[in-house]
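In our numbering, the protein residues as written are 10 to 344. To keep things clear, I will list the structure first and then write my remarks on it.
Here is the structure:
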């Protein structure tokens, strides 16, 4: 992480200074109720959707719930979290922990060099901002469903140590809170939106997603399989690997994600084809074969249904809009 940001985040806060002088966690900062439910209104008021706070060190943070989605990012060292009194998570540098509104959370004492930041995110942010773009991504749908009050999952963990775009976005987000400017609120919303778009397109960074749900575990394995093997992916292959009948697996995927295996696979193949169309000069026919289709007519049909034109027209239109040739030195790469 940027040294200036780390230096700022390492500074002793007023709350930490009181703890070092013999005090305890001041619950009045976080809640006005007897039950320790941290309220977003106490931290960011009623109008804003997101806020950032450095993680409080030098004391155990007692068991609590919250009425918002919390995103914790490890900046240096490690922090130890206990979820629902059972799952202990050692969050390290470049890892993200998303906590849903159903979670019961406590944190063990962190020392001076254990630096993390907590983002307080109102559920309304996802409804009013992210849903407008409708990513149509299975991982996105899963995250939003499971972290909401209607889901069973209480946390999802991401490892972004090898995902430079995600790390850059998080540093930009942290920077905007530490060094605010007049446009900071909209910049923060857009940066967080881009971060979730990045995460939802990289299912492999989900290191653990917990609900003690057999269905969720299976669904995530199927999605990871499609992400990594979309060219040759077959429902029967992953069913054999998971030792589940094709019929049962098909129903499970549909029930859990809202989409069939075929729809999910087709979505992934179209995304990969679009990247190649926009970022390379590879002939469309070769692209069709490279993403797993043998029937070019079928590909043209589903492409037109999604994008409203042929692949060649799509490439040409985007090139004209950008005023640059497509390819290595042309359009900015889409990840």
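Note that CB positions come from ideal geometry on N, CA and C, so glycine has one too.
For residue 179, collect the residues of the same chain with a Cβ closer than 6 Å to its Cβ; drop the 5 residues on either side in sequence, then sort them by chain order. 82
Hey, residue 114 and residue 107: beta-carbon distance below 8 Å or not? Pairing residue 114 with residue 107 gives a Cβ-Cβ distance that is not under 8 Å.
Could you tell me which residues DSSP pairs with residue 97 in its beta bridges? 91
Could you tell me if residue 246 is buried or exposed, where buried requires 16 or more neighbouring beta carbons within 10 angstroms of its beta carbon? exposed
Any idea what DSSP makes of residue 189, helix, strand or coil? When secondary structure is reduced to three states using DSSP, residue 189 falls in the coil class, being assigned neither helix nor strand.
Residue 24 versus residue 15: straight-line alpha-carbon distance, rounded: 18 Å
Using only alpha-carbon positions, find the residue among 273, 192 and 241 that is nearest to residue 210. Nearest C-alpha to residue 210: 273.
Within the continuous beta strand (DSSP E) that includes residue 60, where are the two ends? 59-63
Can you check whether the CB of residue 296 is closer than 8 Å to the CB of residue 305? no
What does DSSP give as the partner residues of residue 74 in its beta bridges? 46
Straight-line gap, residue 62 to residue 172 (C-alpha atoms, nearest Å): Cα to Cα, the separation comes out at about 23 Å.
Which residue's Cα is closest to the Cα of residue 131: 57, 321 and 227? For residue 131, the nearest C-alpha among the options comes from 57.
Which one of 328, 263 and 279 has the shortest CA to CA distance from residue 227? 263
Closer than 8 Å to chain D by CB, residue 307: The structure shown contains no chain D, having only a single protein chain.
Examine the Cβ distances between the stretch 304-318 and the stretch 250-261 and report whether three or more of them are shorter than 8 Å. Pairwise C-beta distances place the stretch 304-318 out of contact with the stretch 250-261, as fewer than three of them are shorter than 8 Å.
Complete runs of the alpha helix (DSSP H) confined to the stretch 288-316 [at least 4 residues]: 293-299 and 305-316
Presumed contact (8 Å Cβ cut-off) between residue 293 and residue 321, rounded CB distance: 6 Å
Express the C-alpha separation of residue 164 and residue 174 in angstroms, rounding to a whole number. 23 Å
What does DSSP give as the partner residue(s) for residue 39 in the beta ladder? In DSSP, residue 39 forms no bridge with anything.
Suppose you measure from the CA of residue 142 to the CA of residue 243; what does that come to, to the nearest Å? Its pLDDT being 47, under 50, residue 142 is placed unreliably in this model, and the coordinates cannot settle the point.
Taking the straight line between their C-alpha atoms, what separation do you get for residue 300 and residue 134? 34 Å
Taking 8 Å as the cut-off, decide whether the C-beta atoms of residue 70 and residue 105 are in contact. Between residue 70 and residue 105, the C-beta gap is not smaller than 8 Å, which leaves the two residues out of contact.
CA-to-CA distance, residue 89 to residue 73, given in whole angstroms: 15 Å
State the beta-bridge partners of residue 82 as determined by DSSP. 105 and 126
Enumerate, from N- to C-terminal direction, the unbroken beta strand (DSSP E) stretches of 3 or more residues contained entirely within the stretch 203-268. Here the runs fully enclosed are 215-219.
Can you tell me whether residue 200 is buried or exposed, with buried defined as 16 or more other CB within 10 angstroms of its CB? Taking a 10 Å sphere around the C-beta of residue 200, we find 16 or more other C-beta atoms and assign the residue as buried.
For the alpha helix (DSSP H) that residue 23 lies in, which residues bound it at each end? 23-29
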